[in-house]
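A.B. asks: My structure is below; once you've seen it, I'll send some questions.
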């Protein structure tokens with residue numbers, strides 16, 4: 002029995018491989034924007050959460066300063082390790098979403114002397130303090146930093 006090579010009804014292996022390769026390229030071109038969009042959305046969610054953590058700490062420091070301005074210096078150099086972030090009530094944030102974040106606060110105090118702005122030593126009498134809170138995530142590669150000035 003003889004076959005007619007011009008009267009085929011199927012693909013050869015080479016034709017099938019080329020077709021699958023072209024389909025794979027087309028599929029990757031279609032899915033690439035969705036993957037990139039999901040990565041941007043995840044990054045935005047982390048930045049938003051980092052901003053919220055920094056704002057929460059700033060609000061806590063401002064509240065303490067309203068009650069007793071002289072105790073604001075206790076937050077100078079305050080560092081919270083991953084998995085050890087505190088909430089506003091002194092408890093720990095145990096949700097796994099916080100496990101990648103670190104938080105650091107810095108307080109620099111100033112006073113006005115003879116019309117000049119002078120930085121004073123920690124614990125010394127001051128007129129106002131500049132408070133900065135930094136929240137890092139992804140092993141310190143990303144940072145969100147918020148600051149404010151708190152007066153006496």
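Residue numbers (this note's numbering): 2 to 153.
Virtual Cβ for every residue (Gly too), placed ideally from N, Cα, C.
(1) Under 7 angstroms, do residue 106 and residue 76 count as touching if we go by C-beta distance?
(2) Where DSSP assigns a beta bridge to residue 61, which residues make up the other side?
(3) Restricting to Cα atoms, I'd like to know which of 91, 113 and 84 is closest to residue 140.
(4) Quick one: any contact between the segment 39 to 56 and the segment 141 to 149, if contact means 3 or more CB pairs under 8 angstroms?
(5) Can you round the beta-carbon distance between residue 132 and residue 62 to whole angstroms, since I take them to be within the 8 angstroms contact cut?
(6) Tell me which same chain residues have a C-beta within less than 7 angstroms of the C-beta of residue 56, skipping the five on either side of it?
(7) Which runs of the beta strand (DSSP E), 3 residues or longer, sit entirely within the segment 22 to 108?
(8) Which of the three DSSP states is assigned to residue 142 in this structure?
(9) Along the chain, where does the beta strand (DSSP E) containing residue 119 start, and where does it finish?
(10) If we cut at 7 angstroms on Cβ distances, does residue 41 have a partner in chain D?
(11) Measuring straight from C-alpha to C-alpha, what distance separates residue 51 and residue 119?
(12) Using a 10 Å radius around the Cβ and a threshold of 16 neighbouring Cβ atoms, would you call residue 29 buried or exposed?
C.D. replies: The structure says:
(1) Locating residue 106 in the chain shown gives position 105, counting from the first residue. Locating residue 76 in the chain shown gives position 75, counting from the first residue. Yes, Cβ-Cβ distance for residue 106 and residue 76 is below 7 angstroms.
(2) Position 60 of the chain shown, counted from the first residue, corresponds to residue 61. Paired residue(s): none; residue 61 is not in a bridge.
(3) One-based indexing of the chain shown puts residue 140 at position 139. Residue 84 is the option with its Cα nearest to residue 140.
(4) Touching, yes, given that three or more Cβ pairs across the two stretches are closer than 8 angstroms.
(5) Taking the chain shown and counting its residues from 1, one reaches residue 132 at position 131. Taking the chain shown and counting its residues from 1, one reaches residue 62 at position 61. Between residue 62 and residue 132 the Cβ distance is about 5 angstroms, and since that is below 8 angstroms, they are a contact.
(6) Reading the chain shown from its first residue, position 55 is the one you call residue 56. Residues of the same chain with a CB within less than 7 angstroms of the CB of residue 56, apart from the 5 flanking positions on each side, are 147 in chain order.
(7) Inside the segment 22 to 108, DSSP marks whole beta strand (DSSP E) runs of 3 or more residues at positions 79 to 81, from first to last along the chain.
(8) If you number the chain shown from 1, residue 142 lands on position 141. Note: residue 142 maps to coil in three-state DSSP.
(9) Indexing the chain shown from 1 puts residue 119 at position 118. 117 to 120 is the span of the beta strand (DSSP E), which, as asked, contains residue 119.
(10) Within the model displayed, chain D is absent; a lone protein chain is all it includes.
(11) Translated into the one-based positions of the chain shown, residue 51 becomes position 50. Translated into the one-based positions of the chain shown, residue 119 becomes position 118. If you draw a straight line from the Cα of residue 51 to the Cα of residue 119, it comes to about 32 angstroms.
(12) On the chain shown, position 28 is the one that residue 29 refers to. The residue is exposed, with fewer than 16 neighbouring Cβ atoms inside 10 Å.
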